[in-house]
Amino acid sequence: MSQPNRLSGGLIDRSAELSFSFAGEIYKGHPGDTLASALLANDVRLMGRSFKYHRPRGPLAAGSEEPNAIVELRSGARREPNTRATTAELYDGLVAEPQNCWPSLRLDAMAINDKLSNFLTAGFYYKTFMWPAAFWEKLYEPIIRKAAGLGSLSMEEDPDTYDKGFLHCDLLVTGGGAAGLMAALTAGRAGRSVILADEDFTFGGRLLAERESVGGMAGADWAAQAVAELATLPSVRLMPRTTVIGAFDHGIHGALERVSDHLAVPAEGKPRQILWRIYAEQSLLCAGAIERPIAFENNDRPGIMLAGALRTYANRYAATPARRVAIFTCNDNGHRSAADLHAQGIEIAAVIDTRADAPDSDNYPVHKGAQVIDSRGRLDLKSVRVREADGTEHMIPCGALGVSGGWNPNVHLTCHQRGRPVWDDALSAFVPGKDLPPGMTVAGAARGIFSTHGALASGADGAAEALGIAAADVPTADDAPVSQTPFWYVEGCSRAWLDQQNDVTVKDVKLSHQEGFRSVEHLKRYTTLGMATDQGKTSNIGGLAIMAEIAGKSIPEVGTTIFRPPYTPVAIGAFAGRMRGKEFHPTRLTPSHYWAEERGAVFVEVGNWLRAQWFPLPGEKHWRESVDREVRATRASVGVCDCTTLGKIDVQGVDAAAFLNKLYCNGFAKLAVGKVRYGLMLREDGIAMDDGTAARLAEDHFVVTTTTANAGRVYQHMEFVRQCLFPDMDVQLVSTTEAWAQYAVAGPNARKLLQKVVDPEFDLSNEAFPFMACGEITVCGGLRARLFRISFSGELAYELAVPARYGDAMMRRLMDEGAEFDVVPYGTEALGVMRIEKGHAAGNELNGTTTALELGMGRMVSTKKDSIGTVLSKREGLNEEAGLRLVGVKPLNPADRITAGGHLMNAGGPVDAAHDQGYVTSAAYSPDMGSMIGLAFVKSGDARLGEKMRLVSPVTDLTVDVELASAHFIDPEGGRQRA
Amino acid sequence: MIIDHPLLGPRDSSEFVYLGDARMLDRPDPDAPDAARAFYEYGYLRDNPAGPHRELWFHEGGDRSWLVVTRDTVTHEITRVEMARDVARAKGRST
Numbered sequence: 005m006s007q008p009n010r011l012s013g014g015l016i017d018r019s020a021e022l023s024f025s026f027a028g029e030i031y032k033g034h035p036g037d038t039l040a041s042a043l044l045a046n047d048v049r050l051m052g053r054s055f056k057y058h059r060p061r062g063p064l065a066a067g068s069e070e071p072n073a074i075v076e077l078r079s080g081a082r083r084e085p086n087t088r089a090t091t092a093e094l095y096d097g098l099v100a101e102p103q104n105c106w107p108s109l110r111l112d113a114m115a116i117n118d119k120l121s122n123f124l125t126a127g128f129y130y131k132t133f134m135w136p137a138a139f140w141e142k143l144y145e146p147i148i149r150k151a152a153g154l155g156s157l158s159m160e161e162d163p164d165t166y167d168k169g170f171l172h173c174d175l176l177v178t179g180g181g182a183a184g185l186m187a188a189l190t191a192g193r194a195g196r197s198v199i200l201a202d203e204d205f206t207f208g209g210r211l212l213a214e215r216e217s218v219g220g221m222a223g224a225d226w227a228a229q230a231v232a233e234l235a236t237l238p239s240v241r242l243m244p245r246t247t248v249i250g251a252f253d254h255g256i257h258g259a260l261e262r263v264s265d266h267l268a269v270p271a272e273g274k275p276r277q278i279l280w281r282i283y284a285e286q287s288l289l290c291a292g293a294i295e296r297p298i299a300f301e302n303n304d305r306p307g308i309m310l311a312g313a314l315r316t317y318a319n320r321y322a323a324t325p326a327r328r329v330a331i332f333t334c335n336d337n338g339h340r341s342a343a344d345l346h347a348q349g350i351e352i353a354a355v356i357d358t359r360a361d362a363p364d365s366d367n368y369p370v371h372k373g374a375q376v377i378d379s380r381g382r383l384d385l386k387s388v389r390v391r392e393a394d395g396t397e398h399m400i401p402c403g404a405l406g407v408s409g410g411w412n413p414n415v416h417l418t419c420h421q422r423g424r425p426v427w428d429d430a431l432s433a434f435v436p437g438k439d440l441p442p443g444m445t446v447a448g449a450a451r452g453i454f455s456t457h458g459a460l461a462s463g464a465d466g467a468a469e470a471l472g473i474a475a476a477d478v479p480t481a482d483d484a485p486v487s488q489t490p491f492w493y494v495e496g497c498s499r500a501w502l503d504q505q506n507d508v509t510v511k512d513v514k515l516s517h518q519e520g521f522r523s524v525e526h527l528k529r530y531t532t533l534g535m536a537t538d539q540g541k542t543s544n545i546g547g548l549a550i551m552a553e554i555a556g557k558s559i560p561e562v563g564t565t566i567f568r569p570p571y572t573p574v575a576i577g578a579f580a581g582r583m584r585g586k587e588f589h590p591t592r593l594t595p596s597h598y599w600a601e602e603r604g605a606v607f608v609e610v611g612n613w614l615r616a617q618w619f620p621l622p623g624e625k626h627w628r629e630s631v632d633r634e635v636r637a638t639r640a641s642v643g644v645c646d647c648t649t650l651g652k653i654d655v656q657g658v659d660a661a662a663f664l665n666k667l668y669c670n671g672f673a674k675l676a677v678g679k680v681r682y683g684l685m686l687r688e689d690g691i692a693m694d695d696g697t698a699a700r701l702a703e704d705h706f707v708v709t710t711t712t713a714n715a716g717r718v719y720q721h722m723e724f725v726r727q728c729l730f731p732d733m734d735v736q737l738v739s740t741t742e743a744w745a746q747y748a749v750a751g752p753n754a755r756k757l758l759q760k761v762v763d764p765e766f767d768l769s770n771e772a773f774p775f776m777a778c779g780e781i782t783v784c785g786g787l788r789a790r791l792f793r794i795s796f797s798g799e800l801a802y803e804l805a806v807p808a809r810y811g812d813a814m815m816r817r818l819m820d821e822g823a824e825f826d827v828v829p830y831g832t833e834a835l836g837v838m839r840i841e842k843g844h845a846a847g848n849e850l851n852g853t854t855t856a857l858e859l860g861m862g863r864m865v866s867t868k869k870d871s872i873g874t875v876l877s878k879r880e881g882l883n884e885e886a887g888l889r890l891v892g893v894k895p896l897n898p899a900d901r902i903t904a905g906g907h908l909m910n911a912g913g914p915v916d917a918a919h920d921q922g923y924v925t926s927a928a929y930s931p932d933m934g935s936m937i938g939l940a941f942v943k944s945g946d947a948r949l950g951e952k953m954r955l956v957s958p959v960t961d962l963t964v965d966v967e968l969a970s971a972h973f974i975d976p977e978g979g980r981q982r983a
Numbered sequence: 013m014i015i016d017h018p019l020l021g022p023r024d025s026s027e028f029v030y031l032g033d034a035r036m037l038d039r040p041d042p043d044a045p046d047a048a049r050a051f052y053e054y055g056y057l058r059d060n061p062a063g064p065h066r067e068l069w070f071h072e073g074g075d076r077s078w079l080v081v082t083r084d085t086v087t088h089e090i091t092r093v094e095m096a097r098d099v100a101r102a103k104g105r106s107t
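Chains as they are written, first to last, in the working numbering: chain D, 5 to 983; chain E, 13 to 107.
See below:
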């Protein structure tokens, strides 16, 4: 039989039939259905198993507050766990599977947990799995992970794209029900820019779910008419399928638009979802209200639902969970469900009303002053046990039970900036407090205004007040006063579910109180009440009410926990947007990148840059072969390395030299034009920050370099010094890192090679252009360039800069012209080897803990002038004789390894932290030395050269006998670089 | 958050980099007799108020100005935004 529980009417499109599958069975539904409504129409109530006890569960609600009916939607890489069946829009070919059940939904082996429930109470894990620690990882955790939890991931890459978008508006209206539609009409008719966002695929909110008239027509028709008008207003943006997930600072709202979730596969070129950032001058929250259940024994069987949800399924979706239904209520709203269902031809077995003065009905029996105290049915509801006012008990057979404990204003977004809801005695519910996010007002049921007319009017007024305009005319609608008398739970119940998603019962709340976890925040964390993906939208208030009763306090005295973003769960993919994989951060390519790619270079990420690490030649099997060859060839003849990635900052102005004098600990005022100087920057606390060179191109013009990794930070620091500390120095800064391609040309034949590309009028002889000279030159027949005679490798070396767009050509030219010298390109590994051989500090040594003194540059810190960091660099603690000093390390046995991160111990002394003598920061194989070498910080290291020590690295199981040496392994006198 | 840049108007805070307490403008006189103590206090001692806080933000994704932003650390309300350079001048740092 097809769709046995399908009713007449409703807002579904019967002209089209959709086929879908759940738990392997094929069913039919219609456009306009959700997965939950279609399953109910097909007489399927059992939709999942609970988190902890694996109890059979069906939908409780008809909207996003749903705790139970969560499924794995779609298959393959698009499978999404924990999707609420109550909001999943039906499409043809939809595939869904129940989760947290094995081997099947109807026969779940882990349901044994339910029998063990006496042990699995609140705090069970805290109490049981306390020791031994090793058991956690190996035993408990895998078991718990398998048994508990919700859906599972596909473990495949998400094939969909997610976008981010930015919107601005005068008014953001969250929720498109009666209040929201009137607010949007008010703002839109006045020509104000307004965004109306609703998580549903159809605007109208409760108007879609009720049988009542607005403006003389059905509520749903009025909503459709309002939407049609809004669509014609140019300043209105309608955003269906869009959940406002958070109200953040300064009117910024996050909103998730499900662009393609109602389709099997996103349309070509369309994202699956868009995460919008909405900048709203004002916002009006029209999020409606959420019905609250009543707790009684075994109140979680499939078929037991909120009474308002039953009404939604019947009126909007023309679906019912059963043909014979009972209602359990403490207020008039439950009777409304009974009347609507009756009108749809559903048999109302009984209305059980806790009030002695409940209203009568001609159409069904009303049990006044009665309560539902238990339920029966293995996989779904078969009957309920009722205790009458006189104490007699009897069973009433029914396939579904609608429960109504009243309605709570949906205050979620009002709490996002720590606003606390306040208790309203008349409604027996929390309503929005005074400390709302700035710019936010609340209208309609979310504000506690429960009549339809009230909602319409407050929406119009809310928008009018927020924007200072006139309210739109409000159509006629029901305006009966609404009162709510609370009834939280049935006396004497214990396994009565409050939080169905996290399996928290009345008994757990009582236990929490008994064990001293009595504040609402403790209650929440001890029992996990309200900590599931639904954030306790239907359950928190019940737990608070019970805690209040046990404590003998009122609910407002006990207080409430608050909600935080996101309103409903959001896929991580939406937050990542397009920033995944290679797009996670920008990739910066050096000017010689494509050339290096042609040469088969191996690249390494340095910050955002890709740099050539080494250039393997055919036949080279190990990276060391390539690196050793590059080092040897450079030291023997000439090598070229792309060093564009070093930060380059142009410093210009009358006070440029004075500015650098403040910035670097060593002096720059007297640096001659045409000269370069090494500079060390300290932080104000006296620790080394960065190093580089400053080249004086003119009296008022320097070019400063920074390390690759620190380029951004150093620039920021320089602007701080300029703007905040010395605001009237005449100096300007601009980063030119990307503007210049820069190549190190190093080796004994470096000059000969450069002479072939530098235009002949520039004399490169040692006399005319000595070590540490710099100048603006031309190359290749007139191309402007800069030349710096600086050396990181220790060889005769230059750095040649040309405008970045000539970088590729320059590299090719250097290779062509260098062929007669057997020029090699070298990568960052060879660069590193040569700087370690030369004892130059780099990032490993400038690691944020070391001082100039420790780096062997103590005398560089000028005593004649003030600069950033000088004062605190003189602190006693940073100047101890026994402090760390940079030295070289080499193994006694050349075959032994040196590892960076290894620690140095006295030969023959104990190996423990208390006797630690220092640590190795950099290590490399030196082809020249024929062994590995390292740089290390060692206590009084400069006084201990030649001392034999032990290098230990417990994590890599290394113990090596080493000797301390000068850090300058190669050419300590510096003759080569001055040649 | 939105920072109302004195020159560029309201800008999203994601364009900025945060540094911290605007007291970092008050670099002590390095030649004063108690310079070591003054620099220690300048470098290490910071108030951590729950309430209005003057702090330094750098418009890295913009015009590279340093700004002094007065922000309530409890509510994130921003009540004042100034060019750090103007603040530094007003403090007499021009000399």
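Each residue gets a CB set at the ideal place from its N, CA and C atoms; glycine is no exception.
A distance of 9 Å or more separates the beta carbons of D/Ala-201 and D/Thr-236. Looking at the DSSP output, D/Val-446 shares a beta bridge with D/Leu-289. Interface flag for E/His-65 against chain D is unset, since no Cβ pair is found closer than 9 Å.
D/Val-407 places its beta carbon less than 9 Å from that of D/Val-376. Residue burial is scored here from C-beta neighbours: D/Glu-824 has fewer than 16 other C-beta atoms within 10 angstroms and is therefore classed as exposed. A straight-line Cα-Cα distance of about 19 Å links D/Lys-756 and D/Phe-796.
Going by DSSP, D/Ser-877 is part of the alpha helix (DSSP H) stretching over 874-877. Under the 8 Å Cβ criterion, the region 300-307 of chain D does not count as touching the region 413-424 of chain D, having fewer than three qualifying pairs. Rounded to the nearest angstrom, the gap between the Cα atoms of D/Ala-918 and D/Ala-536 is 48 Å. In the structure shown, the three-state DSSP call for D/Asn-848 is coil.
Taking C-beta atoms as the reference points, D/Gln-277 and D/Leu-176 fail to come closer than 9 Å.
For D/Ile-545, no beta strand (DSSP E) encloses it; the enclosing alpha helix (DSSP H) starts and ends at 544-555.
Annotation: D/Thr-854 has no Cβ neighbours in chain E at a cutoff of 9 Å; minimum Cβ distance is about 17 Å. Counted as a single uninterrupted DSSP element, the beta strand (DSSP E) harbouring D/His-371 occupies residues 370-372. Taking 8 Å as the cut-off between beta carbons, the residues of the region 858-877 of chain D near chain E are Asp-870, Thr-874, Val-875 and Leu-876, in sequence order. Per DSSP, reduced to three states, the secondary structure at D/Met-583 is coil, with no helix or strand assignment. Per DSSP, reduced to three states, the secondary structure at D/Met-864 is helical.
Within the model, the alpha-carbon separation for D/Asn-753 versus D/Pro-829 is close to 14 Å. Only those residues of the region 242-266 of chain D whose C-beta falls short of 9 Å from the nearest C-beta of chain E are listed: Phe-252, Asp-253, His-254, Gly-255 and Ile-256.
The way I'd put it, the region 514-527 of chain D doesn't touch the region 309-328 of chain D; fewer than three beta-carbon pairs between them come closer than 8 Å.
Neighbourhood of E/Arg-101 in chain D, by CB distance below 9 Å: Pro-731 and Asp-732, in chain order.
For the region 469-532 of chain D, the full-length beta strand (DSSP E) segments reaching 3 residues or more read 501-503 along the chain. Shown here, D/Trp-226 sits in a helix according to DSSP, grouped into three states. If you draw a straight line from the Cα of D/Gly-585 to the Cα of D/Phe-724, it comes to about 34 Å. Residue state for D/His-457 is assigned as helix, using DSSP reduced to three classes. A distance below 9 Å separates the beta carbons of D/Ala-326 and D/Gly-307. Just measuring C-alpha positions, the residue of D/Phe-766, D/Lys-679, D/Met-693 and D/Lys-943 sitting nearest D/Cys-778 is D/Lys-679. According to DSSP, D/Ala-100 shares a beta bridge with D/Phe-26 and D/Leu-77. At least one C-beta of chain E is nearer than 9 Å to the C-beta of D/Glu-688.
Under the DSSP assignment, D/Tyr-747 falls outside any alpha helix (DSSP H), being part of the beta strand (DSSP E) whose first and last residues are 744-750.
Runs of the beta strand (DSSP E) spanning 3 or more residues and lying entirely within the region 890-929 of chain D occur at 907-910, in chain order. Secondary structure of D/Arg-451 (DSSP, three-state): helix.
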